[in-house]
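Novice: Protein sequence lines correspond, in order, to chains A and B.
Each step along the first sequence adds one to the number in my numbering, with nothing skipped, and position 195 is 195.
Each step along the second sequence adds one to the number in my numbering, with nothing skipped, and position 1 is 1.
Just so you know, even glycine gets a beta-carbon here, dropped at the ideal spot from N, CA and C.
Keep in mind the model is a prediction, meaning the values are calculated, not measured.
The structure under discussion is supplied below as structure tokens; questions concerning it will follow.
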Amino acid sequence: MLTVFAQCLRNDLKTLIRQPAQWLHPIAFFGLIVCLFGIGLGSDNTQLIQLSPVIIWVAFLLTAIFTIETLFYRDYEEGVLEQWMVSPYPLWWLMLAKSLAFWLASCLPLIVMMPVLGFSLQLTGTQCLLLLISLLLGSPALTFLGVIGATLTLTVARSGVFLALLLLPLFVPILILGVSVVISLLAHEWPVFQMALLGGISVLTMTFAPFAAAAALKVAIH
Amino acid sequence: MWHLNQLIPLSPRRFYHFCGLLQPWFFVLSALALAYGLFAGLFLAPADYQQGDGFRIIYVHVPCAMLSLMLYVMMGICSAIYLIWRIKICDMIAFCMAPIGAWLTLCSLLTGAIWGKPMWGTWWIWDARLTSQLILLFLYLGYIGLYHAMNSPSAAKACAILAVVGLVDIPVIHYSVYWWNTLHQKSTIFKLQPTMETSMLLPLLSMILGMGFYIAGLICVNIRTEILAREAHNRWVGILLRKGNAKELIAC
């Protein structure tokens, strides 16, 4: 089981990294949104500090929604998913590996480059660090919920906006908690509670989402 | 030993007749409760000492808001039953509930906005209850949209999965959204000692009951049409329709 997981992960990572579009596009998209907000809000720094955690989180959510849309297309067209269905290993296990690979290839680079954008939006070192941790804690939940959405809309043509409608309500708690981490820091409180909740939501989705995604995949393939 | 099958007829055909049996009762009960609730709410109940006569919109607003959330929970439970036991009728129930629930959510948002303008001085504010209600509307729209976007055999299961995910997510959304200090007044009904005057409370409870029965009757109508549409290839539907036609001809 573990070797299957590791191999699946390695395989997915290789294919994701060999298609630069898969990990370059999100970075460019993320950077562009943040830059546009920076330009639009202009030189008023006090306003910017209040808004920057919101801007970064919203940009992150949008990037997550628009990158996850194409996650399964290639596998679906090439018949990889059918092979998964007939393989003797449980489907949710493979889905877990796939989601993890996606998170490593598409979300982790964004989180790593976040401090650069954070500094450009006038955040200080501690605030940047905390925002980074909140993204680290919250992004697995985004990825796993996104995978459910992507498998549900797999057979729907032009699913982009539709996927956004499905995922938006599910993403709201994570957005609120993530933003409130930095907001409460700005109010000189230590946001342990929010962090714990974010981590809890991530663990919860990680536990249940692969099953839901596997069930949705079965529906889509049949 | 009793079986669920004996308690509620679960085959589409028997459920069709079962709903037909219940439907008039629901409408009669709802008409009675609504008549009392509307009359007492609009004329008998005293005006609020702070909000004046403006408070009377709660007799529409509160039932809509409560029932919209309740319908989503029931939809999620029906979907879970459909996924676990493969009972076809549960999927149809969930499907029929979705548009009604979406309308209720919209109504509660609109009446809330109309109320909010004179009371709070604003049509809309990103307050906890309003936001969670808006998110509920999105959940409904996502469900309805997905159902219509996919082709029917796989749509049922996919939507059931979505509804169950939404059901699990509702408490999370609720509590995360409740974090902000809320401007909305606290719920006045479900406390050990209600803070509302009895003469105001009774019409409200009656309105909630009446709306609930009305919705139940509406679901019965919807589900009967849905059963006929989905089972159109079956023989009993053909016989039933021909009988109906004959009756209409006689009436003519």
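1) Ala212 (chain A) touches chain B at which residues, Cβ-Cβ below 8 Å?
2) With 7 Å as the limit, tell me which residues of the segment 133-162 of chain B have their beta carbon closer than that to any beta carbon of chain A; keep them in chain order.
3) Return the residue from the list B:Arg13, B:Tyr147, B:Ala160, B:Leu141 that minimises the CA-CA distance to Cys78 (chain B).
4) Look at Trp84 (chain A) and Phe211 (chain A) and say whether their C-beta atoms are less than 8 Å apart.
5) At the level of alpha carbons, what is the spacing between Val179 (chain A) and Leu141 (chain B)?
6) Using DSSP's beta-bridge definition, name the partner residues of Gly52 (chain B).
7) Nearest-angstrom Cα distance between Ser206 (chain B) and Lys243 (chain B)?
8) When burial is assigned at 16 or more other CB atoms within 10 Å of the CB, is Lys117 (chain B) buried or exposed?
9) Answer with yes or no whether the minimum CB distance from Asp48 (chain B) to chain A is below 8 Å.
10) Compare the Cα-Cα distances from Trp120 (chain B) to each of B:Ser176, B:Ser68, B:Gln51 and report the closest residue.
11) Give the DSSP-derived three-state secondary structure of Tyr147 (chain B) in the structure shown.
12) Since Phe119 (chain A) meets chain B, which of its residues come closer than 7 Å, beta carbon to beta carbon?
13) Mapping the DSSP letters down to three states, classify Ile68 (chain A) as helix, strand or coil.
14) Would you tell me roughly how many angstroms separate the C-alpha atoms of Asp169 (chain B) and Pro169 (chain A), rounded to the nearest one?
15) Using a cut-off of 7 Å between C-beta atoms, extract the partners of Val172 (chain B) located in chain A.
16) Would you say Phe162 (chain A) faces chain B, with C-beta separation under 8 Å as the test?
17) Given a threshold of 16 other Cβ atoms within 10 Å of its Cβ, counted over all protein chains shown, does Leu192 (chain B) qualify as buried or as exposed?
18) Answer yes or no: do Leu177 (chain A) and Ser176 (chain B) have a C-beta to C-beta separation smaller than 8 Å?
19) Starting from the N-terminal side, write out each stretch of the alpha helix (DSSP H) that is 4 residues or longer and does not extend beyond the segment 46-95 of chain A.
20) Can you pull the chain A residues whose beta carbon is under 8 Å from the beta carbon of Val177 (chain B), in chain order?
21) Going by C-alpha to C-alpha distance, which of B:Met150, B:Trp123, B:Leu110, B:Leu106 sits closest to Leu139 (chain B)?
22) Using a Cβ-Cβ distance cut-off of 8 Å, determine whether Asp169 (chain B) contacts chain A.
Specialist: On the basis of the coordinates in this document:
1) Those are Ile161, Val164, Val165, listed as they occur along chain B.
2) Per Cβ criterion, the list reads Ile135, Phe138, Leu139, Leu141, Gly142, Gly145, Leu146, Ala149, Met150, Ser154, Lys157, Ala158, Ile161, Leu162.
3) Cα-wise, what sits closest to Cys78 (chain B) is B:Ala160.
4) If you check the CB distance, Trp84 (chain A) and Phe211 (chain A) do not come in under 8 Å.
5) Between Val179 (chain A) and Leu141 (chain B), the C-alpha separation is close to 26 Å.
6) Paired residue(s): B:Asp48.
7) Computed Cα separation, rounded: 39 Å.
8) Exposed: under 16 other Cβ atoms inside 10 Å.
9) The beta carbon of Asp48 (chain B) sits no closer than 8 Å to any beta carbon of chain A.
10) Among B:Ser176, B:Ser68, B:Gln51, the Cα nearest to that of Trp120 (chain B) is on B:Gln51.
11) Looking at Tyr147 (chain B) - three-state DSSP - the assignment turns out to be helix.
12) Near Phe119 (chain A) there are no residues of chain B at all, since even the closest Cβ is about 28 Å away, more than 7 Å.
13) Here Ile68 (chain A) sits in helix by DSSP.
14) Taking the Cα positions, Asp169 (chain B) is about 9 Å away from Pro169 (chain A).
15) Within chain A, the C-beta atoms nearer than 7 Å to that of Val172 (chain B) come from Pro173, Ile201, in chain order.
16) Against chain B, the CB of Phe162 (chain A) has a partner CB under 8 Å away; the residue lies at that interface.
17) Unreliable placement is indicated for Leu192 (chain B), whose pLDDT of 47 sits below 50; the coordinate value is still reported in the next sentence. When all chains shown are included, Leu192 (chain B) counts as exposed.
18) In contact: Leu177 (chain A) and Ser176 (chain B) (Cβ atoms closer than 8 Å).
19) Those alpha helix (DSSP H) runs which fall completely within the segment 46-95 of chain A and span 4+ residues are 73-78, 80-86.
20) Those within 8 Å of Val177 (chain B) in chain A are Val172, Pro173, Ile176.
21) If we check each option's Cα against that of Leu139 (chain B), B:Leu106 comes out closest.
22) Yes, Asp169 (chain B) lies at the interface with chain A (some Cβ there is under 8 Å from its Cβ).
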